[in-house]
Amino acid sequence: MYNILALLFKYIFIIIIYLFIFSIIRLIYLDISGMKYQSLDDKAYLKLINRKDSLPFKIEEYYIIDKELTFGRHGDNDIVVKDPYVSKKHFKIVEDEDEYYLEDLGSSNGTYLNGDKIYDIVKLNDGDIIKAGQIEFLFVNRK
Amino acid sequence: MKRLLSQSPRNLLFLFQVLGITLLLINKGRATDRLTLGIVAGLILVIYLSNYILTKISKGDNYIFLITTMLASIGIIMIYRINEGLGIKQLVWISMGIILFFFTYFIVKKIRIWEKLSYIYLIGAYFLFLITFIFGDKRHGAINWVNIGNFSFQPSEIIKVLLIFILSSYYSNKERWKEFNKYSSYYLMGIVYSFIALLFLQRDLGTAMLFYIIFAAIQFIYEDDRKLIFINIALIVVFGILGYLLFDHVKIRFQAWINPWRYIERQGYQITQSLFAIAEGGFFGKGLGLGHPDFIPVVYTDFIFSAICEEMGIFTGIGIIMLFMIFVYRGFKIAIAQRNEFYRILALGISILFGAQSFIILGGVIKMIPLTGLTLPFISYGGSSILSSFTALGILQVCSEEIKSKEELDEAGD
Numbered sequence: 025m026y027n028i029l030a031l032l033f034k035y036i037f038i039i040i041i042y043l044f045i046f047s048i049i050r051l052i053y054l055d056i057s058g059m060k061y062q063s064l065d066d067k068a069y070l071k072l073i074n075r076k077d078s079l080p081f082k083i084e085e086y087y088i089i090d091k092e093l094t095f096g097r098h099g100d101n102d103i104v105v106k107d108p109y110v111s112k113k114h115f116k117i118v119e120d121e122d123e124y125y126l127e128d129l130g131s132s133n134g135t136y137l138n139g140d141k142i143y144d145i146v147k148l149n150d151g152d153i154i155k156a157g158q159i160e161f162l163f164v165n166r167k
Numbered sequence: 476m477k478r479l480l481s482q483s484p485r486n487l488l489f490l491f492q493v494l495g496i497t498l499l500l501i502n503k504g505r506a507t508d509r510l511t512l513g514i515v516a517g518l519i520l521v522i523y524l525s526n527y528i529l530t531k532i533s534k535g536d537n538y539i540f541l542i543t544t545m546l547a548s549i550g551i552i553m554i555y556r557i558n559e560g561l562g563i564k565q566l567v568w569i570s571m572g573i574i575l576f577f578f579t580y581f582i583v584k585k586i587r588i589w590e591k592l593s594y595i596y597l598i599g600a601y602f603l604f605l606i607t608f609i610f611g612d613k614r615h616g617a618i619n620w621v622n623i624g625n626f627s628f629q630p631s632e633i634i635k636v637l638l639i640f641i642l643s644s645y646y647s648n649k650e651r652w653k654e655f656n657k658y659s660s661y662y663l664m665g666i667v668y669s670f671i672a673l674l675f676l677q678r679d680l681g682t683a684m685l686f687y688i689i690f691a692a693i694q695f696i697y698e699d700d701r702k703l704i705f706i707n708i709a710l711i712v713v714f715g716i717l718g719y720l721l722f723d724h725v726k727i728r729f730q731a732w733i734n735p736w737r738y739i740e741r742q743g744y745q746i747t748q749s750l751f752a753i754a755e756g757g758f759f760g761k762g763l764g765l766g767h768p769d770f771i772p773v774v775y776t777d778f779i780f781s782a783i784c785e786e787m788g789i790f791t792g793i794g795i796i797m798l799f800m801i802f803v804y805r806g807f808k809i810a811i812a813q814r815n816e817f818y819r820i821l822a823l824g825i826s827i828l829f830g831a832q833s834f835i836i837l838g839g840v841i842k843m844i845p846l847t848g849l850t851l852p853f854i855s856y857g858g859s860s861i862l863s864s865f866t867a868l869g870i871l872q873v874c875s876e877e878i879k880s881k882e883e884l885d886e887a888g889d
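In order, the protein sequence lines correspond to chains A and B. Going by our numbering, the first sequence opens with residue 25, and the numbers climb by one from there. Going by our numbering, the second sequence opens with residue 476, and the numbers climb by one from there.
If you want it as structure tokens, here you go:
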């Protein structure tokens, strides 16, 4: 009696172990494929110019601009960076009829476009460099 | 039933444990006492809950603990089948291991001065070697056990975790150390070689090999002075040949590996019995309780893998190897994602530790490399081994989370 049970169970054990391995691999696969690999063609986006590992805080390499994008140290912004030279609400980029505009939100250290401090809303062109604190972004718009 | 089988690994693990225990209880026949049943039920519950709670309290990796508890369950079922008394002890060790895992997790997470304690790790390691030589007890040809009262443990299990801490604290601050002394990495190499020499004197060849692999791998990744890596490789070749020529116990291991059949009565006995057991099992095994794993000497520690292959089949054996591979893969991924240099090297070291340790002993029992006594992490019987493995796992769990620097913590405070 026991022998039959043992014979049956050995197959069940192997099946369970492999299902277990399979389910873990599947979860890991979902984890990896969940990462952002969106295509950047025909989209406007900001590209980080600094080397990512030279900045002592968390930041992404690319930020896609969708209608509006805010940047600052506070958690409500679309881009949150823990750079001490960045204000709580630093700047924002707004889209209007396929054109993109940059606006400083009263930051203490200012926002620079191609090296000049901005005071008013300015239009962004492809290849412009936006600087805030230690961070430099390249604006890309290839529509 | 269908919901239980639906792809959640936590439920599959639960099902596996329940079925395994049921089968074992039927196998042992007579009524098992209530205490054992209580411990078994308790542990199954603890493992299930731990896996659940961990996803809530830790933002890091959820898979490493799941994989290790699966390995531990396979181990317990096998050990309990070979020897009931040891099986119950192993249940207690695993429960303590899980407690230690959570304890380590919180301690390492809360205290933030680990990278500055290089000298303390160093002194601790030498101190442990010293007590091994004073209180050391000879078992299975190696002097690596310390008995204090009724309690005995293997100091080398603690030293290997300390070694990873030493290497991490050195390489994460290597600029400062190099400024302090130009030849500091030579000194580090000297220290690691002194560890290896001491282990060699204790005849603990497996652990010596493990230490060398961890050191060589981390040095290969982080050492700027590339010349040193070649020196390291050249030295180990020289010492390996010298060791073979000068020490009989190295020679015996090597000969037993080249041709165990010639020495089947003595040196080759273990390895041939292990090969017989694996061959006997075939693809699906003999069935739990129907084989003869007790023919192999020290089956519940070093040769647990052969016993598993005999009774649960080569497929389970391959499954175990795959579980270790996924585990090491997760470990490397944790190391790559970690931004803090110290914790990154720590994660790397621990992944290499588990990968290398399982490779050395699995390779040994299937006669792929010379056999050296080491435990299979999480599966083999043994208090020291289980506790140190779960401690290392706790550290790896911390490494899998985002470690905030001090400035960031202050920022979050206001």
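For each residue, glycine too, the CB sits at the ideal point set by N, CA and C. Everything numeric in this text was worked out from a predicted model, so none of it was measured.
Cutoff 8 Å: residue i Cβ touching any chain B Cβ
i, result
"S131/A", "no"
"L29/A", "yes"
"F44/A", "yes"
"I49/A", "yes"
"I159/A", "no"
"Y87/A", "no"
"F37/A", "yes"
"F33/A", "yes"
"Y53/A", "no"
"I83/A", "no"
"I41/A", "yes"
"Y109/A", "no"
"Y69/A", "no"
Residue from the options with nearest C-alpha to residue i
i, options, result
"I588/B", "S647/B, I793/B and V567/B", "S647/B"
"I893/B", "L673/B, I878/B and I639/B", "No answer is possible for residue 893/B: the residues shown for chain B start at 476 and end at 889."
"F758/B", "I854/B, E786/B, I573/B and H767/B", "E786/B"
"F491/B", "A782/B, I522/B, N502/B and L510/B", "I522/B"
"Y538/B", "K585/B, Y594/B and L871/B", "L871/B"
"T747/B", "Y668/B, Y719/B and F778/B", "F778/B"
"L642/B", "A516/B, F577/B and E816/B", "E816/B"
"L703/B", "F799/B, M553/B, Y661/B and L673/B", "Y661/B"
"W568/B", "L597/B, I861/B and A683/B", "I861/B"
"M25/A", "I809/B, Y601/B and G762/B", "G762/B"
"S859/B", "I793/B, K842/B and T776/B", "T776/B"
"N707/B", "A692/B, D508/B and G718/B", "A692/B"
"I878/B", "A810/B, S631/B, Q677/B and I841/B", "A810/B"
Rounded Cβ spacing between residue i and residue j (contact assumed at less than 8 Å)
i, j, result
"G157/A", "Y109/A", "3 Å"
"L494/B", "I103/A", "Going by Cβ atoms, the distance from L494/B to I103/A rounds to 51 Å, so no, they are not a contact pair."
"L680/B", "T847/B", "4 Å"
"I38/A", "T791/B", "6 Å"
Residues bridged to residue i (per DSSP)
i, result
"V118/A", "E92/A and Y125/A"
"K141/A", "Y136/A"
"N622/B", "S627/B"
"I696/B", "Answer is none; I696/B lacks a bridge partner."
"D102/A", "Bridge partners of D102/A: none, in fact."
"E160/A", "K155/A"
"V146/A", "L126/A"
"G611/B", "V621/B"
C-beta atoms of residue i and residue j nearer than 8 Å
i, j, result
"L851/B", "I827/B", "no"
"V105/A", "I159/A", "yes"
"L498/B", "M545/B", "no"
"L750/B", "T543/B", "no"
"I514/B", "L566/B", "yes"
"E127/A", "K116/A", "yes"
"L765/B", "N27/A", "yes"
"G830/B", "V873/B", "no"
"G621/B", "S627/B", "Reading off the sequence shown, one finds Val at residue 621/B, where the question assumed Gly. Closer than 8 Å, so yes."
"Q745/B", "Y738/B", "no"
"G839/B", "K34/A", "no"
"I45/A", "M553/B", "no"
"F799/B", "S833/B", "yes"
Residue i at chain A interface by Cβ criterion, 8 Å
i, result
"T847/B", "no"
"Y768/B", "Looking at the sequence shown, residue 768/B is not Tyr but Pro. Output row for P768/B: interface = no."
"F608/B", "no"
"F576/B", "no"
"G550/B", "no"
"P852/B", "no"
"G888/B", "Its pLDDT being 46, under 50, G888/B is placed unreliably in this model, and the value from its coordinates should be taken loosely. So, not an interface residue."
"R478/B", "With a pLDDT of 49 at R478/B, under the threshold of 50, the modelled position of that residue is not reliable, and no figure is offered here."
"L490/B", "yes"
The ligand FMN heavy atom lying under 7 Å from the CB of residue i
i, result
"F95/A", "Absence of the ligand FMN is noted for the structure shown, with no ligands found whatsoever."
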